[in-house]
Amino acid sequence: MTGRTASPSFPTTRMRRNRRTEWSRRLVAENVLTVDDLIWPLFVQEGEGLRDPVASMPGVNRLSIDMAVDAAARAANLGIPVIALFPQTSIALKTADGREGINPDNLVCRAVRAIRAEVPDIGILCDVALDPYTDHGHDGLLINDEIANDASVEVLVQQALVQARAGCDIIAPSDMMDGRIGAIRQALDAAGFQHVQIMAYAAKYASAFYGPFRDAIGSSSSLGKASKKTYQMDPANGDEALREVALDIAEGADMVMVKPGMPYLDIVHRVKREFGVPTFAYQVSGEYAMIAGAIQNGWLDRDRVILESLLAFKRAGADGILTYFAEEVAEKLV
């Protein structure tokens, strides 16, 4: 309450007055969740007419490109501004150098072109990282048992360029290599993609909440028991996140992201308060799985808990949320 004039005490002040009726609660609500706050992550796979369930994420499916186009059309009709694409890459295409990630005809690039052709007004976000394409499951190049930062950045730049050429609107580097935002921005501008935005995974933590996502894209078996702690952030650190965000903004990020979401709402709040830039949070697969699993078991009220979980991001200061609940929530909000 520092800096605020103290209210008269009870009974002159009755805080419950503003809560007494539904219309009054709406009138004084400090934060509102709308469809404009949503980004819908989609998992894409090879094939046609396929909707394969992700076992660890109840209600989430891997989609063949034609089905992803249908999902994008559904998103556009609901008013969801952006979809995010993540590929399940065939094991046969995974290599130590992740070269499939820079193949202009890879799964993601074909999906982008197909969606762009049929749903021209939807925003498309593409992840930039090598973990879907490497046989070791890391986000960068593994050289002499270490993740080689600068060599990895060179490949990530090429990956960003093939995605931009395919029609991607937002490049989202999730790898956490040092210097990759500046290198990607410079390369995009030099190639004539000044309009392509960068949403930096600026504060991405080495979290235990990513397990179901790695199952969905097929990287968990590649990574095994290896750790990403040498490039993703230590969950113990908060000040370090502000340094990471400051660097990414200085290098040309248009937007920044905190990942995971709910366990790091304090970081979301600090980032938004400190920098005032468009700030996003990712309600990651583990968060989704916990909520969906509890709902499935009848332990939580589905509608209320989903909406409450997303409103928490808005209260913390997020401008938008990547969430696997996006379609369902948009249906309730429109």
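Each position in the sequence shown, counted from 1, maps to that position plus 2 in the numbering used here.
Yeah, the Cβ is synthetic: ideal placement off N, Cα and C, and Gly gets one too.
Quick caveat: nothing in here was measured; it's all calculated off a predicted structure.
Three or more beta-carbon pairs drawn from the region 314-331 and the region 256-275 are found closer than 8 Å, and the two stretches are therefore classed as touching. Ala98 places its beta carbon less than 8 Å from that of Leu144. Counting every other CB atom within 10 Å of its CB across the protein chains shown gives Thr281 a total of 16 or more, marking it as buried. Here Gln90 carries a coil assignment [DSSP, helix/strand/coil]. Per DSSP, the beta-bridge partners of Pro43 are Ala86.
DSSP, reduced to helix, strand and coil, places Pro175 within a strand of the structure shown.
Here Leu35 carries a coil assignment [DSSP, helix/strand/coil]. By alpha-carbon distance to Ala113, the top candidate from Ile67, Gly220, Tyr290 is Ile67. Around the Cβ of Glu102, a 10 Å sphere holds 16 or more other Cβ atoms; the residue is buried. The secondary-structure analysis by DSSP pairs Gln199 across a beta bridge with Ile172. The alpha-carbon separation between Ser209 and Ser11 amounts to approximately 45 Å. Relative to the Cα of Ala328, the nearest Cα in the group Leu244, Met292, Arg76 belongs to Arg76. Classified as buried, Trp42 has 16 or more neighbouring CB atoms from the shown chains inside 10 Å of its CB. In this structure, the straight-line span from the alpha carbon of Tyr135 to that of Met178 is close to 16 Å. With a threshold of 16 other beta carbon atoms within 10 Å, Val56 meets it and is buried. Here Glu289 is buried. Its C-beta has 16 or more other C-beta atoms within 10 Å. A distance below 8 Å separates the beta carbons of Val110 and Cys128. Secondary-structure assignment with DSSP links Thr136 through a beta bridge to Thr97.
In the DSSP annotation of this structure, Asp217 is not part of any beta strand (DSSP E); the continuous alpha helix (DSSP H) holding it starts and ends at 213-219. With contacts defined as CB atoms closer than 8 Å, Ala162 and Leu132 fail to qualify as a contacting pair. In this structure, DSSP gives Tyr233 a state outside helix and strand, which the three-state scheme calls coil. Around Ala296, the same chain offers Leu302, Val307 as residues with beta carbons nearer than 8 Å, after the five sequence neighbours per side are excluded.
In this chain, the alpha helix (DSSP H) harbouring Met69 covers 67-80. Residue range 125-130 is occupied by the beta strand (DSSP E) that includes Ile126. Taking the C-beta atoms as reference points, Leu40 is found no nearer than 8 Å to Ala70.
In the three-state scheme derived from DSSP, where H, G and I count as helix and E and B as strand, Arg6 is classed as coil. Taking 8 Å as the upper bound for CB-CB distance, Gly61 and Ala294 are in contact here, some 6 Å apart.
Here DSSP, grouped into helix, strand and coil, assigns Met59 to coil.
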